[in-house]
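Enquirer: Sequential numbering of the sequence shown, starting at 217, is according to the working numbering.
We put the beta carbon where it would ideally sit given N, CA and C, even for glycine.
Computed from a predicted model, the values in this text were never measured in an experiment.
Before I ask anything, here is the structure I am working with.
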Amino acid sequence: MDDKPAIDIWAYAEPAGEEPDPLKRNVLQWRRLITSVREPLEIFPGQPVDVTGFVYRSFPGAPQQFVLARQVIRCCLSDTVPLGLSIHTDTADDFENDIWLKVRGTFGTVTVRNKPVLVVLPDQIETIPEPQKVYINGVF
């Protein structure tokens with residue numbers, strides 16, 4: 217019997233361990249950090265962000281906003297969920313769902329339904345090809 221796994225998950229997924237460099241963090245690493253603190257709106261605005269993902273809109277019609285998402289593996293490749301960061305830009309409507317982008321900017325806040333919300337305020341948005349590692353391994 218062969219002890220090799222049926223599929224090499226690392227060929228398709230990047231790791232999501234702790235990353236001290238904010239410019240090297242992926243979407244899952246940022247989300248874990250943001251949800252681990254009591255007052256993210258006081259801590260994260262102004263911090264630099266450099267992330268890649270695909271355009272995802274869970275609620276159409278949100279002006280100036282989309283989610284930059286990645287599929288996160290929860291158990292195996294057949295058990296993934298989209299997870300992302302909200303991007304706020306006047307050019308949001310220029311980007312179609314499912315295209316891959318690299319977004320560089322800083323965290324900031326905008327008001328949505330009379331409440332402040334943490335978003336990425338991009339300085340640069342670049343269309344990129346789909347990466348080889350489209351998933352983030354949320355298990356290991």
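#1: Between the Cα of T343 and the Cα atoms of G324, K318 and T307, which residue gives the shortest distance?
#2: Quick one: Cα of R273 to Cα of T305, how far?
#3: Based on the DSSP secondary-structure assignment, which residues constitute the bridge partners of S302?
#4: Does I259 come out as helix, strand or coil in the three-state DSSP assignment?
#5: Can you grab the Cα-Cα spacing for the pair R248 / A278, in whole Å?
#6: Taking a contact to mean a Cβ-Cβ separation below 8 Å, would you say V271 touches F323 in this structure?
#7: Using the Cα positions of P256 and Q263, report the straight-line distance between them to the nearest angstrom.
#8: Is DSSP giving R290 helix, strand or coil here?
Expert: Here's the rundown:
#1: K318
#2: 14 Å
#3: V283
#4: helix
#5: 25 Å
#6: no
#7: 11 Å
#8: coil
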